[in-house]
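Protein sequences, first through last, are from chains Y and G. Per our numbering: the first sequence = residues 392 to 833. Per our numbering: the second sequence = residues 69 to 528. Presented below is the structure to which this report refers.
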Amino acid sequence: MNILIKKSGNTKYFSTILICLSLSLQVQAQQIKKAEKGPFLLKNATIHSITKGTFLGDLFIEDEKIKNIAQNITAPANTKTFDCSGKHIYPGFIDSGTRLGLAEIESISVTNDFAELGDFIPHMKALTAVNPNSVSIPVTRVNGVTTVFSKPERNTFPGTGALIDLFGYTPEQMYAGAEAVIMNFPSTGRRGRFDRRSEEDFKKDSEKAIKNIDDIWDKVALYARIDSMAKVQNKIPEDYNPQMDALLPVYRGQKKLLVEVNKKEDILVAIKWLREKKIKAVLTGVSEGGRVTEEIKKSNYDVITGPVLTVPGRANAAYDEAYRNVSKMVEAGIRVAIRTNEAENVRNLPFNAGFAATYGLGIEEALRCITINPAQIFEVDKLYGSLEAGKIANLFISDGDPFEPKTRITHLFIRGWNVPLESRQTLLNDEFLERLPGINEE
Amino acid sequence: MTKYLLTLLVFGFQLSFGQGNILIKNGNILTITKGNLQSTDIYIENGKIAKIGKNLIVPEGTQTMDATGLFVMPGIIDAHSHIAIDAVNEATNPNTAEVNVGDALNPFDVSIYRALAGGVTISHAMHGSANAIGGQCETIKHRYGVLNPEELRMTGAPRTIKFALGENPIRVHGEGNKIAPATRMGVEQVFRQAFSEGRLYAKRWEDYNKGITKNTPNYNLRLETIADILKGDIIIHCHSYRADEILMLMKVLKDFGIKKICFQHVNEGFKVAPELAEFGASASVFSDWWAYKFEVYYSTAYNAAILTKNGVVTSINSDSDELIRHLYHEAAKTQRYGNLTDDEALSLITINPAIQLGIEDRVGSLEVGKDGDIAIFEKHPLSIYTTPHMTIVDGSIRFDSKNDNPDMRISIDPEEKYTSNFEEKTGFKEDNCLQDVTEYLLQSDYASYLRFVYSKNHTH
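This is how it looks when you write it as structure tokens:
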């Protein structure tokens with residue numbers, strides 16, 4: 392609101408307030424029908440389990456879990472049965488990097504909650520700011536995406552992202568059991584067409600940036616020593632230092648750090664830096680990972696990459712470099728998850744995976760990159776990422792291959808809830824396809 | 069441009085502004101307007117489709133391309149793009165009808181090659197949306213490899229001009245320059261004033277030419293251009309989002325007797341589809357972009373389907389050097405959102421944009437006599453698993469997947485460095501119609517957003 396207050400006296404102030412007011416009235420109630428609770432029996436489906444092959448069978452959902460997958464399941468009397476003959480069941484897709492729930496309208500800053508002020512703020516929690524009623528959430532579900540990692544952005548340590556299921560009325564209901572601190576590794580490249588820094592400035596800036604993260608890490612190390620000593624001596628820490636507290640589990644190797652790095656040269660520097668500091672990391676972005684697969688493989692770091700549908704960062708790169716980036720890394724034996732890095736168009740996740748599948752990855756591997764691989768990377772694979780008894784019932788029914796635009800997703804379940812595939816976009820279609828009244832008669 | 073070191077790459081195909089001969093044998097032909105033809109040949113002679121049929125007999129020595137098992141469709145047409153131009157916005161006045169992006173064509177833009185690698189043979193290089201009446205646009209053919217900007221032009225294509233409604237002209241002029249328009253009311257008056265003055269200007273010249281008046285009227289290119297719009301010589305392509313502003317412009321045009329209009333973006337076009345159809349206005353839309361600003365918050369990906377089913381000639385455009393590479397996929401999304409048939413979906417990127425640019429008698433479908441602009445795909449172009457195989461412009465192969473070098477630059481800037489990709493780094497999208505105008509936005513609310521976008525990953 393600071394920006395608004397500074398601008399008071401300007402007539403725009405009032406219109407901006409009006410927009411905010413109207414938003415607060417309208418950013419809600421995007422789903423008319425209520426979700427429905429099981430038990431559900433999905434009969435005679437082609438089940439794409441991801442981890443245990445593809446086969447015909449039944450799938451039984453009770454409470455929030457997949458209770459059983461087998462042939463000819465007999466379900467209790469109160470079960471609602473879906474005949475899935477000719478249909479397919481897939482585990483819900485997981486997008487490993489989004490701003491969903493944190494961003495509403497990009498050009499209106501007060502509707503965006505993913506970029507707090509400050510260079511070193513790892514304690515900022517995305518989960519706090521996730522808006523369960525974001526209009527974009529139902530829009531995303533219609534394509535089979537059930538779970539996303541929503542993350543803060545900007546500056547060096549912008550905060551802590553959270554894995555959320557796309558159904559629930561409080562952030563706690565949505566929380567899918569994983570959080571991770573984000574680090575934006577210093578980038579040495581030009582930052583777009585407006586960046587007119589000289590060669591010298593590039594060098595200076597990049598040295599300064601590395602020194603900045605070195606300094607931060609030295610302080611974290613010191614803080615960890617003090618913290619350990621305090622624990623040994625049974626002392627209570629004297630200072631409130633939430634930034635340092637947020638990084639302690641990362642420093643001690645108990646938690647992974649998600650490190651955003653894209654350019655080939657930067658990836659190499661980042662790997663070296665992270666190895667030196669013995670940090671358990673996941674590399675994110677990694678848009679030129681295909682150029683340094685050996686080094687990434689050697690580092691043993693997992694990768695979250697995307698969007699696939701993007702232009703290469705260099706004018707001399709092949710037109711399909713971004714399309715092929717995933718397959719190059721997977722071929723080298725790197726575990727990869729795909730992200731859209733989107734907010735309102737996370738729904739394009741299956742199409743991003745589909746393009747990767749087309750350009751070298753293959754359908755099976757592409758499916759893994761948006762199901763079991765992210766579940767493993769976020770360490771929630773006991774409950775997420777495949778169709779297996781005992782896992783959370785996040786899944787959808789389709790009439791075909793979910794990567795093909797022609798295919799329709801007919802039902803979607805999140806934590807055992809049958810969530811209606813309605814969104815403001817489908818409701819607008821219902822209202823306006825055959826508008827009444829049509830043309831005004833004069 | 070002089071700083072460019074011109075390097076001619078060996079492409080393995082004609083670099084000239086060539087009008088080639090080529091026989092495409094035995095393909096699955098998607099004509100768009102006349103159904104699909106199995107195992108059929110197309111013969112292109114002097115850049116034009118000369119024959120379509122089975123087992124065609126052609127002159128000996130004709131370059132032949134075996135398309136067995138492949139899908140052959142008309143070259144894809146993008147009715148809204150900003151590639152291959154060195155300037156987008158002349159953001160100095162709410163009305164800059166006199167400028168022309170055709171004066172800023174850049175044949176070295178590697179985006180042209182990347183568009184070809186998505187089957188796109190023609191794009192509409194547009195002025196930006198900073199001004200209510202922006203500059204004139206240029207319909208270009210993707211003859212990547214030519215060095216002379218003139219050779220990009222699609223000679224004979226009708227003149228077009230960019231108009232813009234809503235937030236962009238309001239931000240740039242009202243908020244940025246503190247001059248009208250600062251509201252959608254002000255935007256309407258820019259048009260009414262321009263058309264009224266243009267009409268008077270035309271009348272002054274008419275009277276002078278008839279000898280009714282003696283003094284030579286002052287020549288004014290801005291008014292001259294407006295007068296040409298009134299005469300019907302220029303097709304308006306209007307950046308627009310909200311239903312109310314779309315209705316407003318149609319009313320203004322009606323008052324001045326102007327008929328040729330294609331609404332661009334037109335995210336709320338679906339709300340006034342019957343009115344658009346009645347007026348005879350066409351619509352060029354995104355497949356699914358929305359929510360990047362308030363005026364696109366009430367959008368739906370069903371827009372293209374609703375417009376199509378209400379009888380509005382609709383196309384899907386890119387407005388982006390990214391989307392232009394996979395318009396076939398963008399069109400396919402209308403099958404998920406709105407259930408369009410294959411022909412309807414493919415029309416959105418072929419014959420319909422051709423109609424909107426006034427070039428439908430020359431391109432947009434595979435028919436004898438039309439230009440030899442062809443996109444050949446490995447699988448059906450609406451399948452996610454398809455890949456572009458070859459793209460032909462005027463009978464000359466301009467993209468060949470078998471002959472694709474990673475580095476396809478024609479000119480190399482020795483000072484060029486890695487440019488981190490805007491979207492990838494920020495995830496932010498924006499219609500690209502506001503390129504070149506950041507300086508005008510520095511006092512607006514929008515500035516904080518833009519500053520944020522462009523300062524991403526800076527370490528302070």
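Glycine included, C-beta positions come from ideal geometry on N, C-alpha and C. On a predicted model such as this, the values are computed, not experimentally measured, just so you know.
Hey, out of the options, whose CA is closest to residue i's CA?
i: G:His148; options: G:Ala183, G:Lys327, G:Asn283 and G:Thr136; result: G:Ala183
i: G:Asp472; options: G:Thr459, G:Asp481, G:Val140 and G:Asn216; result: G:Thr459
i: G:Ala232; options: G:His307, G:Gly213 and G:His394; result: G:His307
i: Y:Asn575; options: Y:Asp556, Y:Thr561, Y:Thr675 and Y:Ser527; result: Y:Thr675
i: G:Thr409; options: G:Ile294, G:Ser179, G:Asp439 and G:Thr376; result: G:Thr376
i: G:Phe362; options: G:Val167, G:Ile100 and G:Asn236; result: G:Asn236
i: G:His136; options: G:Lys470, G:Gly437, G:Lys299 and G:Phe445; result: The sequence given here places Thr at residue 136 of chain G; His does not occur at that position. Of the listed residues, the one whose Cα sits closest to G:Thr136 is G:Phe445.
i: G:Thr223; options: G:Leu502, G:Gly426 and G:Ser264; result: G:Gly426
i: Y:Glu733; options: Y:Ala571, Y:Ile573 and Y:Gly697; result: Y:Gly697
i: Y:Glu770; options: Y:Ala426, Y:Gln645 and Y:Tyr614; result: Y:Gln645
i: Y:Val530; options: G:Tyr366, G:Asp441 and G:Phe467; result: G:Tyr366
i: Y:Pro543; options: Y:Pro513, Y:Ser589, Y:Ala567 and Y:Asn469; result: Y:Pro513
i: Y:Lys689; options: Y:Ala713, Y:Thr701, Y:Arg715 and Y:Met720; result: Y:Met720
i: G:Ile120; options: G:Asp411, G:Gln131 and G:Asn104; result: G:Asn104
i: G:Arg221; options: G:Lys230, G:Ile208, G:Thr228 and G:Thr132; result: G:Ile208
i: G:Ser191; options: G:Ile384, G:Ile478 and G:Gly406; result: G:Ile384
i: G:Glu343; options: G:Trp358, G:Ile280 and G:Ala311; result: G:Ala311
i: Y:Lys424; options: Y:Ile830, Y:Leu812 and Y:Tyr750; result: Y:Leu812
i: G:Thr130; options: G:Thr228, G:Glu113, G:Ile144 and G:Lys122; result: G:Glu113
If residue i sits next to residue j, beta carbons under 8 Å apart, how far is it from one beta carbon to the other, in whole angstroms?
i: G:Ile97; j: G:Leu450; result: Actually they are not in contact, since the Cβ atoms of G:Ile97 and G:Leu450 sit about 15 Å apart, beyond 8 Å.
i: Y:Glu679; j: Y:Lys654; result: 6 Å
i: G:Ile452; j: Y:Phe484; result: Going by Cβ atoms, the distance from G:Ile452 to Y:Phe484 rounds to 14 Å, so no, they are not a contact pair.
i: G:Gly379; j: G:Val353; result: Not really, about 15 Å apart at Cβ, beyond 8 Å.
i: G:Gln424; j: G:Ser350; result: 5 Å
i: Y:Gly429; j: Y:Lys478; result: The pair is not a contact, with the Cβ atoms about 18 Å apart (cut-off 8 Å).
i: G:Thr368; j: G:Pro142; result: Going by Cβ atoms, the distance from G:Thr368 to G:Pro142 rounds to 28 Å, so no, they are not a contact pair.
i: Y:Ile573; j: Y:Pro549; result: 6 Å
i: G:Gly203; j: G:Thr164; result: 6 Å
i: Y:Leu665; j: Y:Val650; result: 6 Å
i: Y:Ser440; j: Y:Leu778; result: 4 Å
i: G:Leu298; j: G:Gly266; result: 6 Å
i: Y:Asp618; j: Y:Leu639; result: 6 Å
I need the DSSP call for residue i, collapsed to helix, strand or coil.
i: G:Asn96; result: strand
i: G:Asp439; result: strand
i: G:Gln261; result: helix
i: G:Val340; result: helix
i: G:Ala369; result: coil
i: Y:Leu819; result: helix
i: G:Asn473; result: coil
i: G:Cys306; result: strand
i: G:Asp323; result: helix
i: Y:Met620; result: helix
i: Y:Leu827; result: coil
i: Y:Ala748; result: helix
i: Y:Asn691; result: coil
i: G:His195; result: coil
i: G:Pro127; result: coil
i: G:Met318; result: helix
i: G:Ser44; result: With chain G represented from 69 up to 528, any question about residue 44 of chain G goes unanswered, as that position is not in the structure.
Would you check if there are 3 or more beta carbon pairs closer than 8 Å linking the region 306-323 of chain G to the region 479-495 of chain Y?
Short answer: they don't touch.
Would you mind listing the alpha helix (DSSP H) stretches within the region 703-742 of chain Y that are 4+ residues and don't spill past its ends, in chain order?
Counting whole runs of 4 or more residues, the region 703-742 of chain Y contains the alpha helix (DSSP H) stretches 712-722.
Jot down the residue ranges of each uninterrupted beta strand (DSSP E) in the region 140-189 of chain G, minimum 3 residues, whole runs only, in chain order.
Whole beta strand (DSSP E) segments, 3+ residues: 144-149.
So, does the region 769-788 of chain Y touch the region 441-460 of chain Y, judging by three or more C-beta pairs under 8 Å?
Contact holds between the region 769-788 of chain Y and the region 441-460 of chain Y, because three or more Cβ pairs, one in each stretch, are under 8 Å apart.
Which ranges would you report for the alpha helix (DSSP H) in the region 626-685 of chain Y if only whole runs of at least 4 residues count?
Correct list: 633-642 and 655-667.
Residues from the region 677-708 of chain Y in contact with chain B, defined by Cβ distance under 9 Å
No chain B appears in this structure, whose protein chains are Y and G.
Any chance the region 439-449 of chain Y sits against the region 497-512 of chain Y, with 3 or more Cβ pairs inside 8 Å?
Fewer than three Cβ pairs drawn from the region 439-449 of chain Y and the region 497-512 of chain Y lie within less than 8 Å of each other, which leaves the two stretches out of contact.
Complete runs of the beta strand (DSSP E) confined to the region 455-529 of chain Y [at least 3 residues]:
Every unbroken stretch of the beta strand (DSSP E) spanning 3 or more residues and falling wholly within the region 455-529 of chain Y is given here in chain order: 456-461, 471-474, 479-482 and 484-489.
Counting beta carbon pairs with one atom in the region 755-775 of chain Y and one in the region 517-527 of chain Y, are three or more of them shorter than 8 Å?
No, because fewer than three Cβ pairs between the region 517-527 of chain Y and the region 755-775 of chain Y fall closer than 8 Å, the two stretches do not touch.
Indicate whether the contact test is met: 3 or more Cβ pairs, each with one atom in the region 212-219 of chain G and one in the region 166-185 of chain G, closer than 8 Å.
Counting Cβ pairs under 8 Å, three or more are found: they touch.
In chain order, which beta strand (DSSP E) runs of at least 3 residues are fully inside the region 381-443 of chain G?
As far as the region 381-443 of chain G is concerned, its whole beta strand (DSSP E) runs of at least 3 residues are 382-384.
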